Amino acid sequence: MKQQALLDAARELSTTLSRLSFSAPVSMVYNAYDYAWAGHEAYIKRFGGGGRKRVVYLGMNPGPWGMAQTGVPFGEIAAVRDWLGIEVPIAKPAHEHPKRPIEGFACSRSEVSGRRLWGLFAELYESADEFFQEAFILNYCPLSFLSESGANITPDKIAVAERKPLEAACDQHLRTVIELLQPEIAVGVGGFATKCLQRLSLKGPRIGTLLHPSPASPIANREWPGRPRHQLRELGIVG
(Lines of atoms letter the chains of each structure in order from A; the text may use other names.)
(Lines give C-alpha, C1' and ligand atoms only; values in the text may rest on other atoms or scores of the structure.)
Protein backbone atom coordinates (compact mmCIF):
# COMPACT_ATOMS: atom_id res chain seq x y z
CA MET A 1 0.00 0.00 0.00
CA LYS A 2 1.59 3.26 -1.15
CA GLN A 3 0.41 5.33 1.80
CA GLN A 4 2.01 2.91 4.25
CA ALA A 5 5.29 2.94 2.32
CA LEU A 6 5.31 6.75 2.42
CA LEU A 7 4.54 6.73 6.15
CA ASP A 8 7.27 4.17 6.81
CA ALA A 9 9.78 6.28 4.87
CA ALA A 10 8.85 9.40 6.84
CA ARG A 11 9.15 7.51 10.13
CA GLU A 12 12.57 6.20 9.13
CA LEU A 13 13.74 9.70 8.21
CA SER A 14 12.45 11.07 11.51
CA THR A 15 14.29 8.39 13.47
CA THR A 16 17.54 9.00 11.60
CA LEU A 17 17.36 12.77 12.03
CA SER A 18 16.56 12.47 15.74
CA ARG A 19 20.06 11.06 16.24
CA LEU A 20 21.77 14.14 14.78
CA SER A 21 22.99 17.09 16.80
CA PHE A 22 23.56 20.68 15.72
CA SER A 23 25.74 23.46 17.05
CA ALA A 24 25.50 27.26 16.93
CA PRO A 25 23.82 29.12 15.41
CA VAL A 26 21.22 26.36 15.96
CA SER A 27 19.85 26.48 19.49
CA MET A 28 16.73 24.32 19.17
CA VAL A 29 15.29 21.85 16.65
CA TYR A 30 11.63 20.99 16.03
CA ASN A 31 10.90 17.70 14.24
CA ALA A 32 7.47 17.97 12.61
CA TYR A 33 7.47 14.22 11.89
CA ASP A 34 7.57 13.70 15.65
CA TYR A 35 5.23 16.00 17.58
CA ALA A 36 3.04 16.82 14.51
CA TRP A 37 2.94 13.25 13.22
CA ALA A 38 -0.86 13.13 13.43
CA GLY A 39 -1.12 15.90 10.84
CA HIS A 40 1.43 14.36 8.50
CA GLU A 41 -0.13 10.93 8.82
CA ALA A 42 -3.58 12.33 7.98
CA TYR A 43 -2.10 14.09 4.93
CA ILE A 44 -0.42 10.92 3.62
CA LYS A 45 -3.44 8.72 4.26
CA ARG A 46 -5.78 11.09 2.48
CA PHE A 47 -3.65 12.18 -0.47
CA GLY A 48 -0.72 9.77 -0.82
CA GLY A 49 -2.58 6.91 -2.46
CA GLY A 50 -3.78 6.17 -5.97
CA GLY A 51 -1.58 5.53 -8.98
CA ARG A 52 1.64 7.28 -9.89
CA LYS A 53 1.73 11.07 -9.49
CA ARG A 54 2.51 13.02 -12.63
CA VAL A 55 4.05 15.87 -10.62
CA VAL A 56 5.91 15.99 -7.32
CA TYR A 57 6.56 19.40 -5.76
CA LEU A 58 9.42 19.75 -3.27
CA GLY A 59 9.74 22.44 -0.62
CA MET A 60 12.59 23.05 1.81
CA ASN A 61 11.58 22.63 5.47
CA PRO A 62 8.74 23.65 7.80
CA GLY A 63 7.81 27.30 8.19
CA PRO A 64 7.05 28.40 11.78
CA TRP A 65 3.34 29.05 11.16
CA GLY A 66 2.79 26.34 8.54
CA MET A 67 4.11 22.79 8.60
CA ALA A 68 5.60 23.38 12.05
CA GLN A 69 2.01 23.78 13.28
CA THR A 70 0.16 21.24 11.14
CA GLY A 71 2.63 18.58 9.96
CA VAL A 72 1.56 19.26 6.36
CA PRO A 73 4.00 20.69 3.79
CA PHE A 74 3.39 24.44 3.31
CA GLY A 75 0.69 23.77 5.91
CA GLU A 76 -0.97 27.14 6.38
CA ILE A 77 -3.78 26.58 8.87
CA ALA A 78 -6.78 27.73 6.83
CA ALA A 79 -5.60 25.97 3.67
CA VAL A 80 -5.03 22.67 5.46
CA ARG A 81 -8.31 22.86 7.34
CA ASP A 82 -10.60 24.29 4.66
CA TRP A 83 -9.13 23.12 1.32
CA LEU A 84 -7.37 19.89 2.30
CA GLY A 85 -10.00 19.01 4.87
CA ILE A 86 -7.51 18.06 7.58
CA GLU A 87 -7.75 19.12 11.23
CA VAL A 88 -6.27 16.91 13.92
CA PRO A 89 -4.79 17.41 17.41
CA ILE A 90 -1.12 18.39 17.30
CA ALA A 91 1.22 17.69 20.21
CA LYS A 92 4.15 19.85 21.33
CA PRO A 93 7.88 19.30 20.89
CA ALA A 94 9.80 18.17 23.96
CA HIS A 95 11.53 21.55 24.13
CA GLU A 96 9.67 24.64 22.94
CA HIS A 97 11.03 28.11 22.27
CA PRO A 98 8.84 30.78 23.91
CA LYS A 99 8.86 32.84 20.71
CA ARG A 100 7.90 29.89 18.51
CA PRO A 101 5.04 28.15 20.31
CA ILE A 102 3.39 25.14 18.71
CA GLU A 103 -0.38 25.64 18.95
CA GLY A 104 -1.45 23.33 16.14
CA PHE A 105 -4.69 24.27 14.44
CA ALA A 106 -5.39 26.81 17.19
CA CYS A 107 -2.50 28.93 15.87
CA SER A 108 -3.81 32.33 14.78
CA ARG A 109 -0.82 33.17 12.58
CA SER A 110 -0.94 32.62 8.82
CA GLU A 111 1.99 31.14 6.90
CA VAL A 112 2.22 33.40 3.84
CA SER A 113 4.17 30.88 1.75
CA GLY A 114 1.56 28.19 2.34
CA ARG A 115 -1.33 30.56 1.80
CA ARG A 116 0.12 31.60 -1.54
CA LEU A 117 1.05 28.11 -2.77
CA TRP A 118 -2.15 26.31 -1.77
CA GLY A 119 -4.13 29.34 -2.90
CA LEU A 120 -2.55 29.06 -6.34
CA PHE A 121 -3.51 25.40 -6.64
CA ALA A 122 -7.02 26.16 -5.35
CA GLU A 123 -7.37 28.59 -8.27
CA LEU A 124 -6.09 26.06 -10.82
CA TYR A 125 -7.93 22.95 -9.60
CA GLU A 126 -11.58 22.52 -8.66
CA SER A 127 -10.72 20.64 -5.49
CA ALA A 128 -7.83 19.27 -3.48
CA ASP A 129 -8.82 15.77 -4.62
CA GLU A 130 -8.43 16.83 -8.26
CA PHE A 131 -5.00 18.34 -7.53
CA PHE A 132 -3.77 15.24 -5.73
CA GLN A 133 -4.95 12.90 -8.46
CA GLU A 134 -1.90 14.03 -10.41
CA ALA A 135 0.34 15.74 -7.86
CA PHE A 136 1.93 15.52 -4.44
CA ILE A 137 3.85 17.97 -2.25
CA LEU A 138 6.56 17.18 0.28
CA ASN A 139 9.33 19.01 2.07
CA TYR A 140 12.97 18.03 1.73
CA CYS A 141 13.55 18.17 5.49
CA PRO A 142 11.00 17.94 8.34
CA LEU A 143 13.17 19.84 10.82
CA SER A 144 12.83 23.47 11.86
CA PHE A 145 16.05 25.04 13.12
CA LEU A 146 15.80 27.90 15.60
CA SER A 147 18.46 30.29 16.82
CA GLU A 148 18.75 31.32 20.46
CA SER A 149 16.50 34.31 19.68
CA GLY A 150 13.91 32.07 18.00
CA ALA A 151 14.80 33.18 14.48
CA ASN A 152 14.41 30.61 11.72
CA ILE A 153 17.62 29.08 10.33
CA THR A 154 17.35 27.48 6.90
CA PRO A 155 19.10 24.13 6.28
CA ASP A 156 21.67 25.69 3.97
CA LYS A 157 22.95 27.76 6.91
CA ILE A 158 23.82 24.69 9.00
CA ALA A 159 27.53 24.02 9.52
CA VAL A 160 28.90 21.95 6.64
CA ALA A 161 30.03 19.01 8.79
CA GLU A 162 26.57 18.79 10.36
CA ARG A 163 24.78 19.35 7.08
CA LYS A 164 26.33 16.30 5.37
CA PRO A 165 24.54 13.62 7.46
CA LEU A 166 21.37 15.71 7.33
CA GLU A 167 21.51 15.82 3.54
CA ALA A 168 22.38 12.13 3.28
CA ALA A 169 19.25 11.17 5.20
CA CYS A 170 16.99 13.65 3.40
CA ASP A 171 18.39 12.69 -0.01
CA GLN A 172 17.66 9.02 0.66
CA HIS A 173 14.12 9.81 1.76
CA LEU A 174 13.56 11.93 -1.34
CA ARG A 175 14.82 9.13 -3.58
CA THR A 176 12.42 6.72 -1.89
CA VAL A 177 9.45 9.03 -2.40
CA ILE A 178 10.34 9.61 -6.05
CA GLU A 179 10.62 5.85 -6.59
CA LEU A 180 7.23 5.30 -4.95
CA LEU A 181 5.38 8.05 -6.82
CA GLN A 182 7.23 7.77 -10.18
CA PRO A 183 6.52 11.34 -11.33
CA GLU A 184 7.06 12.63 -14.84
CA ILE A 185 8.06 16.02 -13.44
CA ALA A 186 9.76 16.92 -10.14
CA VAL A 187 9.42 20.61 -9.31
CA GLY A 188 11.56 22.41 -6.77
CA VAL A 189 9.68 25.20 -5.03
CA GLY A 190 12.54 27.67 -4.84
CA GLY A 191 16.23 27.39 -5.62
CA PHE A 192 17.23 25.26 -2.64
CA ALA A 193 14.72 22.51 -3.40
CA THR A 194 15.56 22.58 -7.11
CA LYS A 195 19.25 22.06 -6.29
CA CYS A 196 18.34 19.12 -4.04
CA LEU A 197 16.53 17.47 -6.94
CA GLN A 198 19.38 18.17 -9.34
CA ARG A 199 21.93 16.77 -6.91
CA LEU A 200 20.24 13.37 -6.96
CA SER A 201 20.70 12.98 -10.74
CA LEU A 202 17.30 11.31 -11.00
CA LYS A 203 16.86 9.10 -14.07
CA GLY A 204 13.08 9.24 -14.24
CA PRO A 205 11.48 12.68 -13.96
CA ARG A 206 12.51 15.88 -15.65
CA ILE A 207 13.21 18.66 -13.19
CA GLY A 208 11.58 22.07 -13.10
CA THR A 209 11.43 24.99 -10.71
CA LEU A 210 8.71 27.18 -9.29
CA LEU A 211 9.13 30.60 -7.73
CA HIS A 212 9.18 30.28 -3.95
CA PRO A 213 6.17 32.07 -2.43
CA SER A 214 8.07 33.44 0.57
CA PRO A 215 7.22 37.00 1.64
CA ALA A 216 10.99 37.47 2.05
CA SER A 217 11.25 37.31 -1.75
CA PRO A 218 10.72 40.70 -3.46
CA ILE A 219 10.01 38.87 -6.72
CA ALA A 220 7.31 36.75 -5.11
CA ASN A 221 5.77 39.80 -3.46
CA ARG A 222 5.69 41.55 -6.81
CA GLU A 223 4.86 38.72 -9.20
CA TRP A 224 2.80 36.17 -7.30
CA PRO A 225 0.73 34.43 -8.66
CA GLY A 226 1.45 35.57 -12.23
CA ARG A 227 4.97 34.21 -12.54
CA PRO A 228 4.29 30.75 -11.02
CA ARG A 229 1.24 30.37 -13.28
CA HIS A 230 3.50 31.07 -16.25
CA GLN A 231 6.11 28.60 -14.96
CA LEU A 232 3.49 25.87 -14.59
CA ARG A 233 2.31 26.46 -18.15
CA GLU A 234 5.89 26.31 -19.44
CA LEU A 235 6.42 22.99 -17.66
CA GLY A 236 3.24 21.65 -19.26
CA ILE A 237 1.59 21.05 -15.89
CA VAL A 238 -1.41 23.31 -16.56
CA GLY A 239 -2.89 24.61 -19.80
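The opening residue of the sequence shown carries number 1 in the UniProt record's numbering; numbering runs sequentially from there.
Glycine included, each C-beta is placed from N, C-alpha and C at the ideal position.
Quick caveat, the model's predicted, so the values are computed rather than measured.
Coil, strand or helix - residue i by DSSP
i	result
Leu-143	strand
Ala-36	coil
Val-177	helix
Phe-131	helix
Thr-194	helix
Thr-15	helix
Ile-219	helix
Ala-186	strand
Leu-210	strand
Other residues of its chain near residue i: CB distance less than 6 angstroms, five sequence neighbours each side excluded
i	result
Lys-157	none
Met-67	Ala-32, Pro-73 and Gly-75
Arg-227	Leu-211
Pro-225	Leu-120
Arg-206	Ile-185
Ala-216	none
Cys-141	Asn-61, Pro-155 and Cys-170
Lys-203	none
Alpha carbon of residue i to alpha carbon of residue j, nearest angstrom
i	j	result
Glu-134	Ser-21	37 angstroms
Glu-148	Thr-154	14 angstroms
Ile-137	Arg-233	18 angstroms
Arg-163	Pro-62	17 angstroms
Ser-14	Ala-193	19 angstroms
Gly-236	Ala-78	29 angstroms
Val-238	Met-1	29 angstroms
Trp-65	Gly-150	13 angstroms
Own chain residues within Cβ distance below 7 angstroms of residue i, not counting five before or after
i	result
Leu-6	Ile-44, Gly-48, Val-177 and Leu-180
Pro-165	Leu-20
Leu-86	The sequence shown places Ile at residue 86, not Leu. Here the set comprises Gly-39, Ala-42, Tyr-43, Arg-46, Val-72 and Val-80.
Gln-3	Ile-44, Lys-45, Gly-48 and Gly-49
Trp-118	Phe-74, Glu-76, Ala-79 and Trp-83
Beta-carbon contacts of residue i that lie in its chain and below 8 angstroms, excluding the five residues immediately before and after
i	result
Asp-171	Cys-196, Arg-199 and Leu-200
Tyr-125	Phe-131
Glu-12	His-173
Ala-159	Phe-22 and Ser-23
Next on the checklist: Please give the ranges of any alpha helix (DSSP H) in the segment 42–127, keeping only runs that are unbroken, at least 4 residues long and fully inside the region.
Outcome noted: 67–70 and 112–124
Checklist entry - Quick check: the segment 110–123 against the segment 60–77, are there 3 or more CB pairs under 8 angstroms? => result yes
Item to check | Touch test, the segment 24–34 against the segment 85–98, Cβ-Cβ under 8 angstroms, three pairs minimum | outcome: yes
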